[in-house]
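Numbering follows the UniProt record's numbering, in which position 40 of the sequence shown is assigned residue number 40; successive positions increment by one, without gaps. Yeah, the Cβ is synthetic: ideal placement off N, Cα and C, and Gly gets one too. Everything numeric in this text was worked out from a predicted model, so none of it was measured. Structure record follows, encoded as C-alpha cells.
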Amino acid sequence: MAPSRQGAGWPRPPPPSPRNPPKPTTPRARSSLSSSDWLHLSSWCWWPSSATCSPARRASRNPKAPRALDHRPGAFSVLFRLDNVQKDYRGFAALKGISFELESNAVGLLGPNGAGKSTLIKALLGLIPINGGSAEVLGMRLPQDARAIRRAVGYMPENDCYLPYMTAVDYVSFNGQLCGLPKSEAFRRAHEVLYYVGLGEARYRQLGGFSTGMKQRAKLAQALVHGPRLLFLDEPTNGLDPKGRDEMLELIEDVRERDVRVVLSTHLLPDVEKICDSVVMLNQGALVHVGSLAELQKSDDPVIEVGTRDENERFAKLLTEAGFGVEQAGMHLKVRLSGAQSAEELVRLAVDHKVQLRHFLPQRLTLETAFLALLDQETSRARPELGA
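What follows is the structure, encoded as C-alpha cells:
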C-alpha cells in the first residue's frame, strides 16, 4: 500500500552522518523574513497555493536518497480545454480566439517573441482575467476554480526572483510556506527537493553566490516543493552550458515520468523534441498549430537519404527519369517522394538496374523546419493581397 501523502512514510532528508554532518544554525540561514522582504518577493514572484507531496533526490544519483516524486497517477485525462479564449489590453488583442482541447503529459509552448505565450500561461493560471471564451485546466474551470488550479501547479519563472542573501533552503522553504505548508514541513521538504535537484551540498549557501546553473536548479526546486500535478517551465535551460542543459533536461524528464505533467515554454526547439509529446504554436496571439509532435514532423513529401556503391551518378539519373526528386547531399542522395511514389518503388528501381544500395535512411522533418514552415504559411495568409 502506498504511504499516506502526509504520513510518516513520506521521504525525509538523509540523517546526519560523518559524511553529512549537521550544519550549524546561523541567524541568517534560519531567520524569518521581514515584512519588507515578503513584500519584495511577493511583488516579483508568482506562488501557488498549498498541495501535498514532496520530491527527493533521484535514487540513481544517490542510492541512499529518499524516493523522488512518488506521485499517484493523475485524475484528469484532459490537460487543457479552451474555447474561443480572448484577451485584450487596451484594444490590443493579445489572444485571438484560442480554441483547443489537449490530452498530453508534456506540452511544448512555442512561438516568436510577442506571440502571446506568457499571456496564455498567466490566463491558464488565473492570474489575469480573460475577456471572452472559457477555459479549463485539469478539469477545473476558470475563473471559478482559479485558486484550486494554482494549488495543483508549480511555476518555474524565466527571471530570477529571490533575495541574494537568502540561502537555498530558506528560499525553497519560504516558497513552501507561501504554498500553505507549516514552517517545519516546508523546511523538511526544502531539504528533500534540494537533494533531488542536486543542490543538497549547497543548501546552506546564499543564492547570490550561486552560478547560473545552480540558480536554475533552485528555481526548479521551489516549483516542486509542494508536489504539483502540473509544472509550468519558462525557459528552464536559459543560460546553461551544454552539460548543465543536459542535466536540467534529465531532471525534467524524471519529473515527467513520475506523473507530473509539464508545459515547457522555450525558444530551444531541440529541448521540446526531447521532452514533449505535443506542441502548441502561437503567432501574434493566434493559434497556429496544436497536436502531437509526431504528427507535426510528418512530411507530405517524405525524403529518403540513399547511398550506393560508387554509382550515385547513375542512380540519380535513373531516379530522375522515374520522376523522383533527387538532390546531392555529400556522399549520399536525398530522394523526395511525391504523390503515389513509395520507398518500395525506389528499392525496386535499384534492384531492377542492379544498383547496390549501401545506405538507406528515411529523413524526419525537424521541429525547427516544421515550425518555420508553419510561421511562413501563417504570415502568407495574414499578408493582404497586393492591389486589394
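Could you tell me the alpha carbon to alpha carbon distance between residue i and residue j, rounded to whole angstroms?
i, j, result
"P112", "K96", "16 Å"
"L264", "D352", "49 Å"
"M140", "L181", "23 Å"
"G126", "A294", "31 Å"
"F187", "V172", "8 Å"
"V306", "F324", "13 Å"
"L178", "V303", "53 Å"
"A329", "N312", "11 Å"
"A93", "A286", "9 Å"
"T320", "F371", "30 Å"
"V78", "E101", "7 Å"
"C161", "K219", "9 Å"
"G213", "G239", "8 Å"
"D234", "V326", "41 Å"
"K183", "V169", "12 Å"
"L375", "R90", "26 Å"
"G198", "L251", "10 Å"
"G227", "V255", "10 Å"
"R258", "V335", "41 Å"
"Y196", "L138", "26 Å"
"L142", "A123", "9 Å"
"C276", "P270", "10 Å"
"D145", "E247", "35 Å"
"T52", "E185", "For T52, the pLDDT reaches just 36, beneath the cut-off of 50, and the residue's location in the model is therefore unreliable, although a value from the coordinates is still provided. Cα to Cα, T52 sits roughly 10 Å from E185."
Give the DSSP bridge partners of residue i, in chain order.
i, result
"K87", "L95"
"H359", "G307"
"A316", "According to DSSP, A316 bridges with nothing at all."
"A106", "V262"
"A135", "L82 and L142"
"V335", "I304 and V326"
"F100", "L82"
Taking residue i as the reference, which of the options has the closest Cα?
i, options, result
"S278", "L110, R90, D88 and D310", "L110"
"V288", "N175, Q144 and E378", "E378"
"F315", "M248, Q284 and R358", "R358"
"S134", "Y196, D170, F80 and R245", "F80"
"D310", "N131, K354 and E344", "K354"
"A223", "E158, L282 and P270", "E158"
"K117", "M281, L269, Y195 and A373", "M281"
"P129", "R150, G208 and D88", "D88"
"G114", "L346, Q284, M331 and E345", "Q284"
"R150", "K274, V255 and L231", "L231"
"G132", "T266, Q86, L120 and S99", "Q86"
"E273", "T308, Y196, T366 and S99", "T366"
"A190", "E345, I121 and T167", "T167"
"G291", "T266, L337 and A106", "A106"
"A350", "T369, L318, V262 and L82", "L318"
"L337", "M331, K298, T369 and E368", "K298"
"L296", "G108, N84 and D83", "G108"
"E368", "T266, L249 and G200", "T266"
By a C-beta neighbour count over all protein chains shown, 10 Å radius and 16 as the cutoff for buried, is residue i buried or exposed?
i, result
"F174", "buried"
"A388", "Caution is warranted here: a pLDDT of 46 is assigned to A388, below 50, making its placement in the model unreliable, and the coordinate value is therefore given only provisionally. Result: exposed."
"A322", "exposed"
"S34", "Because the pLDDT at S34 is just 49, under 50, the model does not fix this residue reliably, and the point stays unresolved."
"G176", "buried"
"Q356", "exposed"
"Y155", "buried"
"P27", "Interpretation of P27 is limited by its pLDDT of 40, a score under 50 that renders its predicted location unreliable; the figure taken from the coordinates is listed afterwards. Answer is exposed; the Cβ neighbour count stays below 16."
"S104", "buried"
"L361", "exposed"
"R203", "buried"
"R147", "exposed"
"residue 430", "For the chain, the structure presents residues 1 to 388; residue 430 sits outside this window and is missing."
"V225", "buried"
"P242", "exposed"
"G209", "exposed"
"P73", "In this prediction, P73 scores a pLDDT of 43, lower than 50, which makes its location untrustworthy; the coordinate-derived value is nonetheless stated afterwards. P73 comes out exposed."
"A373", "exposed"
"T119", "buried"
"E345", "exposed"
"G339", "exposed"
"M331", "exposed"
"E201", "exposed"
Throw me the rounded Cβ distance for the residue i and residue j pair, which I believe falls under 8 Å.
i, j, result
"A221", "V193", "5 Å"
"P164", "Q216", "Contact doesn't hold; Cβ gap of about 16 Å is too wide."
"R245", "V153", "Going by Cβ atoms, the distance from R245 to V153 rounds to 24 Å, so no, they are not a contact pair."
"T308", "L268", "Contact doesn't hold; Cβ gap of about 37 Å is too wide."
When you compare the CB of residue i with every CB in chain B, is at least one pair closer than 8 Å?
i, result
"L178", "The structure shown contains no chain B; it is built from a single protein chain."
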